[in-house]
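Anchor point for the sequence shown: position 345 equals 344 in numbering that gives the first Met the number 0, and the numbering is continuous, going up by one each time. Every residue, glycine too, gets a C-beta built ideally from N, C-alpha and C. Fair warning: this is a prediction, and the values are worked out from it, not measured in the lab.
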Amino acid sequence: MSIAMAVRLVLGLICGGTLTWAVWDRSERELADRTKEEPHEGPRFLPGISSYYLPMLMLLYPILGVIVGGAQMAVQITLGLLIRVFLEMSVYYVLLMAVMPWLRRRISARVCAMLWLLPDWLYVFVGRLDRPTDGKMLVLHAPGVLVYVLLAIWVVGAVGVMVWKIGSHLAFRRRILKNAVPVTDRQTLHVWETELERAWIRKCKWKLVRSGVVTTPLSIGLYNRTTRIVLPMREYTQEELSLILRHEIIHISRGDPEAKLFLTFCTAMCWFNPLMWAAMRKSADDFELSCDESVLLDEPQPVRRQYAELLLQTAGDERGFTTCLSATAGALRYRLKNIMTPGKKRTGAILVGLTLFVLAMCSGYVALAYDAQPGTQRLFDGQDLNAVTVTSVDLWNDPRGKDGTCMDEDALKEYLASLEPELYTEKLDEYASGEQRELTVMFDTPQGQLSVRLLDQAVHITRLWGGPDFHTDSYYLRTPTDWAYLDTLIAPVPNLQLIFLNNRVDRVVCRSLTRTAADGTVRVLLASEDWRYNEYLNEDVQEVQLGFSLPLSGPYTVTVEPLRGGARQTLTQDDLPGDCLPLTGPDAKYTVAADLQGEDGAVYHAQYVFIFRKEAS
């Protein structure tokens, strides 16, 4: 199991367990029958799930993308969020609509309503925890022009839906509150205060008003100070008022208006999916069923009958992010049946937690790769490849060694130029992990130094000019890196290791390297350079053991040259039992010459130099 998967598993268990406990706790809280003299903290009816996190994330991430990496990063982040959220929401809501009739018969209406809000918790899991190179991503590919056109169409549609919905809500609010008057009659206010006490609400900022525009009681407003409970211009009995006001207080306490705004946001996100519009209508029914269930907790049959009659007598228009007592024609029959014969149902707390856990484990396995461009442009910025030279090659997880040298620069540049790197909506592996290989090639170009780091299905480009801050661009490779071909272009540089008595191991750089192929072709891989050596100062070492990264094809020699004068001495392998080199003499330079057996019958002729000083010069 990868680290990313382990993190996702733990996070899913924590979130699922937390939500299970929260649902159970809220259920017990609503069932509690405390008098106003008994101590209690907070309202009796609490929101089940916050409905602001995902919308805030969808707005915040692109803004951060612009700040950190400019417009391109903002587009990549936005596309990644859209791909994840759209697919996961669409699949989730389709499945939920299919099983909801079965769930309504078996678990509480409160949990049924809460299930519609679970996608808001996706904000926890959109943090790019997966890696595309671990073989677990479904990668979709698309031309860049098509992606940008579709993104523009989506933005126009999503913004249009939100503007339409918010505009309709504000217009409806203005119309019903324009001539509304505060409720002043004592009977209604007494019932209002009684129901607030029943809901454990001490300080209430909501206003109770009457309006001649509405025909059904409703509540409107997304904030406490702007929330209004609106009654029509008609008389109700005290019992009817109690049920009506209790219904609206529960809606507001649970945050149902905000939940409707969240579901409108989800619909705007997926505005071109007709099933999302159907899901939004279905969710409104479950919010009303949930409220009915709480209004009638432990109420006798006569009260239930009276509540059902209120539904039958009330007809209204529910617009915007409002909650009202009236029922749509499609939901009325089921609501009446649920009111009169509710049946015994389970709390459903475990179901909510389990559903969230499944969402967590199934989230984030689809990515988009788009706008493929040739490597000549994306890697080398259109520069003349003849003016580009390889300066160094570093290998990682290469079974042949850690250092490498390029045997055919032109072929390597042509291979990199033939790649078609794509922009990618997810986070790419920056460095090799596990058994994944990595190749870093440094180039000298007319513009400056260029670093190209290849992984199995990713390439990272760092342009080391125009500093001081260097930015790395990362791209996805649709075709995995051809390591077998690259192995024919890059030869490993054999290592000499100095193994000390305390098990410390140092790698000595190779001063010169020549490769003789099986057919007799000789190629100089590293020309002799005086600066390539290791130096050790103040080392209290009596001897070191020599080790080679490749098998020896013949005996090696060690030339010892005293630094402060004296005769040069050449030691053969036979002079060094166990390959242990004594260092008891004066300060000296040691040159090791060895022939090493390479791949495909090739032989490497290597020279290594290191210096030991007893005291700093």
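I'd like to know if the segment 295-308 and the segment 354-366 are in contact, where contact means that at least 3 CB-CB pairs between them fall below 8 Å.
With a cut-off of 8 Å, the segment 354-366 and the segment 295-308 do not count as touching, because too few Cβ pairs lie within range.
Pull up the CB-CB distance for L149 and T424, whole angstroms please, since I reckon it's below 8 Å.
So it is not a contact: roughly 13 Å between Cβ atoms.
Helix, strand or coil at A141 according to DSSP, with G and I counted as helix:
Residue state, collapsed to three classes: strand.
Hey, out of L288, G347 and T583, whose CA is closest to K336's CA?
Distances from the alpha-carbon of K336 to those of L288, G347 and T583 put L288 closest.
So what does DSSP say about G494, is it helix, strand or coil?
Note on identity: in this sequence residue 494 is Asn, with Gly being the wrong assignment. Secondary structure at N494: coil, using DSSP grouped into helix, strand and coil.
Let's see if you can read the secondary structure: which residues bound the beta strand (DSSP E) around Y474?
Start and end: T471 to Y475.
How would you label L512, buried or exposed, when you count the other beta carbons within 10 angstroms and need 16 or more for buried?
Counting Cβ neighbours within 10 Å, L512 comes out buried, since at least 16 surround it.
From L449, S548 and V458, residue whose alpha carbon lies closest to that of G465
Cα-wise, what sits closest to G465 is L449.
Inter-stretch contact (C-beta, 8 Å, three-pair minimum) for the segment 453-472 and the segment 404-413
Output reads no: the segment 404-413 does not touch the segment 453-472.
Compute the distance between the beta-carbons of E560 and Y589, then report whether it is under 9 Å.
Result yes, Cβ atoms of E560 and Y589 sit closer than 9 Å.
Would DSSP call A366 helix, strand or coil?
Strand.
Neighbourhood of C203 by C-beta distance below 6 Å, restricted to the same chain and skipping five residues each side:
L195.
Buried or exposed by the 16-neighbour rule on C-beta atoms within 10 Å, applied to S527
Exposed.
Would you mind stating whether E153 and W270 have Cβ atoms separated by less than 9 Å?
The sequence given here places Trp at residue 153; Glu does not occur at that position. Yes.
Does the segment 172-185 come close enough to the segment 13-20 to have 3 or more Cβ pairs within less than 8 Å?
Fewer than three pairs of CB atoms, one per stretch, sit closer than 8 Å, so the segment 172-185 makes no contact with the segment 13-20.
How many Å lie between V138 and R345 at the Cα?
When rounded, the distance between both Cα atoms is 41 Å.
DSSP on Q237, reduced to helix/strand/coil?
Helix.
In whole angstroms, give me the CA-to-CA distance for V458 and I13.
Between V458 and I13, the C-alpha separation is close to 35 Å.
Taking 8 Å as the threshold, find out whether the segment 385-396 comes into contact with the segment 83-94 through three or more Cβ pairs.
Contact fails: fewer than three Cβ-Cβ distances are below 8 Å.
Between Q446, D472 and L438, which lies nearest to D481 when the distance is taken from Cα to Cα?
Shortest Cα-Cα distance from D481 to any of Q446, D472 and L438 involves L438.
DSSP-derived helix/strand/coil call for W115:
Here W115 sits in coil by DSSP.
Endpoints, the beta strand (DSSP E) within which P301 is located
Where P301 is concerned, there is no enclosing beta strand (DSSP E), although the alpha helix (DSSP H) it sits in stretches over Q300 to Q312.
Is L454 closer than 9 Å to R436 when the C-beta atoms are compared?
At a Cβ-Cβ threshold of 9 Å, R436 and L454 count as neighbours.
Where S646 falls: helix, strand or coil (DSSP)
Because residue 646 is not part of the residues shown, which for the chain are 0 to 616, the question remains open.
DSSP state of R27 mapped onto helix, strand, coil
Rather than Arg, the amino acid found at residue 27 in this sequence is Glu. E27 falls in the helix class under three-state DSSP.
Rounded to the nearest angstrom, what separates S49 and E234 at their Cα positions?
If you draw a straight line from the Cα of S49 to the Cα of E234, it is about 36 Å long.
Residue of P585, Q606, T558 and R563 minimising C-alpha distance to V523
Comparing Cα positions, the closest option is Q606.
Tell me whether the beta-carbon of D578 lies closer than 9 Å to the beta-carbon of G546.
Yes. Within cutoff.
Within 10 angstroms of the Cβ of K343, are there 16 or more other Cβ atoms? Answer buried if so, exposed if not.
Exposed, since its Cβ has fewer than 16 Cβ neighbours within 10 Å.
In chain order, what residues of the same chain lie with their CB nearer than 6 Å to the CB of E598, ignoring the 5 residues before and after it?
In the same chain as E598, and ignoring 5 residues on each side of it, no C-beta atom comes closer than 6 Å to its own.
Between the C-alpha atoms of R197 and A5, what's the straight-line distance to the nearest angstrom?
In a straight line, the C-alpha of R197 is about 45 Å away from that of A5.
Which residue marks the beginning of the beta strand (DSSP E) containing E560, and which one marks its end?
Bounds of the beta strand (DSSP E) holding E560 are T556 to P561.
Does the segment 207-219 come into contact with the segment 229-249, if we say contact requires no fewer than three beta-carbon pairs (one atom in each stretch) closer than 8 Å?
Output reads yes: the segment 229-249 touches the segment 207-219.
With a threshold of 16 other CB atoms inside 10 Å of the CB of Y484, please say whether the residue is buried or exposed.
By the 10 Å Cβ count, Y484 comes out exposed.
Can the beta-carbon of V302 be found closer than 9 Å to that of L242?
For V302 and L242, yes; Cβs fall inside 9 Å.
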